[in-house]
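In the working numbering, the protein residues as written are 23 to 282.
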């Protein structure tokens with residue numbers, strides 16, 4: 023499934039999107055439903071990455087543009103590009119933010135550099151047992167959205183983040199691809215393949231294949247599994263010496279204007 027998604031993404035020629043940005047892009051990857059393994063025919067393409075601001079953007083009086091966001095349609099596909107300046111992205115990495123780690127480590131790479139490789143190599147050193155809080159909170163937010171609209175998409179997001187959190191607590195590996203998580207986490211509900219297949223037909227389709235009551239019971243059970251996995255996790259409480267290494271990387275990249 024992931025190979026098929028990679029092929030369809032490459033057909034969009036994302037390299038030209040990256041080349042059109044005002045400052046060097048250190049990496050850009052595909053996130054969202056394509057990364058998670060349940061894109062629909064009408065899913066947009068979520069590009070996430072890091073740009074590198076020049077020194078004069080940081081030392082003057084103007085506020086630096088640390089986050090840039092752009093949405094547009096290309097070849098009939100909705101595109102959503104969000105990048106953070108390197109310093110902001112690294113600070114997010116150090117705040118038990120699983121979302122930015124998923125972007126950094128996404129196998130769907132539109133653009134990469136040596137800085138991207140260094141960031142990815144340092145990623146395991148920022149993972150802590152407290153990343154469970156990120157996935158627990160994300161799951162609760164998506165569950166509330168499902169309760170409000172009854173759509174399949176937020177329910178799949180709920181299951182995805184819970185399974186990602188459980189797998190991370192047990193292995194230290196950031197795995198965001200739901201079909202792969204079904205094999206990696208034995209407690210994954212058996213009805214999820216059917217829900218993934220249903221999601222392929224419509225981005226905002228209604229829940230099919232499982233009752234809301236069954237879904238609620240499964241979500242509650244996975245919350246309990248995540249709690250237990252966090253309690254038993256061998257991951258550290260704080261980032262394992264990553265702060266100084268990431269600081270040095272940001273300084274080197276900024277002073278050299280490194281682009282690749």
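No residue lacks a Cβ here, since even glycine has one placed at the ideal position from N, Cα and C.
Among all the DSSP beta bridges, which residues are the ones paired with residue i?
i: residue 103; result: 69 and 92
i: residue 47; result: 73
i: residue 122; result: Bridge partners of residue 122: none, in fact.
Given this structure, state the Cα-to-Cα distance separating residue i from residue j, to the nearest angstrom.
i: residue 213; j: residue 129; result: 26 Å
i: residue 231; j: residue 50; result: 35 Å
i: residue 109; j: residue 236; result: 43 Å
i: residue 280; j: residue 48; result: The pLDDT assigned to residue 280 is 46, lower than 50, so where the model puts this residue is not dependable; a value taken from the coordinates is nonetheless given after this. So the alpha carbons of these two residues sit roughly 8 Å apart.
i: residue 209; j: residue 147; result: 27 Å
i: residue 37; j: residue 69; result: 11 Å
i: residue 263; j: residue 190; result: 19 Å
i: residue 180; j: residue 142; result: 26 Å
i: residue 131; j: residue 197; result: 15 Å
i: residue 277; j: residue 151; result: 34 Å
i: residue 105; j: residue 160; result: 21 Å
i: residue 60; j: residue 73; result: 28 Å
i: residue 144; j: residue 155; result: 21 Å
i: residue 168; j: residue 83; result: 44 Å
Taking the alpha helix (DSSP H) that residue i falls in, what are its first and last residues?
i: residue 133; result: First-last for residue 133: 131-133, but that is the beta strand (DSSP E), not the alpha helix (DSSP H).
i: residue 266; result: 264-278
i: residue 259; result: Neither: residue 259 is in no alpha helix (DSSP H) and is coded neither H nor E.
i: residue 64; result: Per DSSP, residue 64 belongs to no alpha helix (DSSP H) and is neither H nor E.
i: residue 109; result: 108-115
Using the three-state DSSP reduction, which class does residue i fall into: helix, strand or coil?
i: residue 173; result: strand
i: residue 232; result: coil
i: residue 40; result: helix
i: residue 137; result: helix
i: residue 81; result: helix
i: residue 52; result: strand
i: residue 312; result: Residue coverage of the chain in this structure runs from 23 to 282, which leaves residue 312 outside it and unanswerable.
i: residue 215; result: helix
i: residue 183; result: helix
i: residue 168; result: helix
i: residue 243; result: helix
i: residue 250; result: helix
i: residue 198; result: coil
i: residue 127; result: coil
i: residue 150; result: coil
i: residue 223; result: coil
i: residue 23; result: Its pLDDT being 40, under 50, residue 23 is placed unreliably in this model, and the value from its coordinates should be taken loosely. Residue 23: coil per DSSP, three-state reduction.
i: residue 237; result: helix
i: residue 206; result: helix
Pull up the CB-CB distance for residue i and residue j, whole angstroms please, since I reckon it's below 8 Å.
i: residue 178; j: residue 217; result: 6 Å
i: residue 257; j: residue 149; result: 6 Å
i: residue 158; j: residue 248; result: 6 Å
i: residue 39; j: residue 93; result: About 12 Å; that fails the 8 Å criterion.
i: residue 63; j: residue 222; result: 7 Å
i: residue 215; j: residue 229; result: Rounded, the Cβ-Cβ distance is 15 Å, inconsistent with contact.
i: residue 75; j: residue 107; result: 5 Å
i: residue 53; j: residue 124; result: 7 Å
i: residue 261; j: residue 126; result: About 14 Å separates the two Cβ atoms, so there is no contact after all.
i: residue 240; j: residue 211; result: 5 Å
i: residue 271; j: residue 137; result: 7 Å
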